[in-house]
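Note that the working numbering has the sequence shown beginning at 222, numbered continuously upward.
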Amino acid sequence: MQRYFLDTPFGTGGGAVISGDDARHITKVMRMAEGGRLIAVSGGEAFESEIISLSDGEVAIRRSGEALPSNEMPVHVTVAAGLPKGDKLDLIVQKGTELGMAGLVPFGAERSIVKWDSKKSGKKIDRLRKIAKEAAEQSHRSVIPEISDVTGLDGLIRLAESFDLLLIADEEAAKDRSGDSIAALLENVYHGQKVLAVFGPEGGISRAEADRFREAGFRPIALGPRILRAETAPLYALSAISSEIEGKR
């Protein structure tokens, strides 16, 4: 059943209106009609809903029954990704959303070749948010990952103060096998807590950045004996965290 995220909450009696691109998708692509059923998500809860009427780019629905079971990861994992080249960030957002990522923070790392200026940044972030929404619908999420504006190292370290566990994927830690295993680091992490995991761009995290992160309380993680690409490392970590946390439910 097709899933859509509502811009406004359900009203009295369980009614709501879907408009914009989603309404056009329902009418033009899915070719649904009155009486058709879909899943509508509001406030982190998903409900089976019936189409009541369709008119002029708007689809009126009414929810029915109790909220559907949530598919959200019990630990909230935010990925901080050093700006990579090309469309690699698109891939991280799409696949990261499917794997349960709670949010993405792009940051300008010392070794980032790509530089986002203020004019282009807004459009790029809007694109990433659209990718996150579509991936959340496809993977039957109840929450769309939050895509933050681009920040720098100082901003990222300030943001880290609101997280319970801080992780950093450091290439040097992978080489000398000094990083802790994800399983070991998650032993004292409880459901509902927040994890921030930092990944560098193509050239990795610089030594100066690694020192700043460690001083701020970040712990290096082991992602296996091989060196992973910038777009692969976050997905590896998300998969490992999901397996460790959700596999023990």
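Just so it is clear, CB atoms sit at the ideal spot from N, CA and C, and this is done for glycine as well.
Quick caveat, the model's predicted, so the values are computed rather than measured.
Identify whether residue i lies in helix, strand or coil by the three-state DSSP scheme.
| i | result |
| --- | --- |
| residue 393 | helix |
| residue 324 | strand |
| residue 434 | helix |
| residue 454 | helix |
| residue 418 | strand |
| residue 246 | helix |
Taking 8 angstroms as the threshold (C-beta atoms), are residue j and residue i in contact?
| i | j | result |
| --- | --- | --- |
| residue 328 | residue 377 | yes |
| residue 262 | residue 466 | no |
| residue 368 | residue 314 | yes |
| residue 354 | residue 346 | no |
| residue 267 | residue 301 | no |
| residue 390 | residue 281 | no |
| residue 284 | residue 274 | no |
Please check the pair residue i and residue j, which I expect to be a contact at CB under 8 angstroms, by giving their CB distance rounded to whole angstroms.
| i | j | result |
| --- | --- | --- |
| residue 358 | residue 224 | 5 angstroms |
| residue 419 | residue 385 | About 15 angstroms; that fails the 8 angstroms criterion. |
| residue 330 | residue 304 | 7 angstroms |
Judging by CA-CA distance, which residue of the options is the nearest neighbour of residue i?
| i | options | result |
| --- | --- | --- |
| residue 406 | 337, 288, 352, 439 | 439 |
| residue 335 | 266, 422, 458, 454 | 422 |
| residue 306 | 285, 279, 222, 424 | 424 |
| residue 252 | 341, 278, 236 | 278 |
| residue 455 | 433, 231, 416, 348 | 416 |
| residue 333 | 374, 379, 222, 464 | 374 |
Could you tell me the boundaries of the alpha helix (DSSP H) in which residue i lies?
| i | result |
| --- | --- |
| residue 377 | 374-380 |
| residue 318 | 309-319 |
Please report the residue range of the beta strand (DSSP E) in which residue i lies.
| i | result |
| --- | --- |
| residue 267 | 266-276 |
| residue 234 | Per DSSP, residue 234 belongs to no beta strand (DSSP E) and is neither H nor E. |
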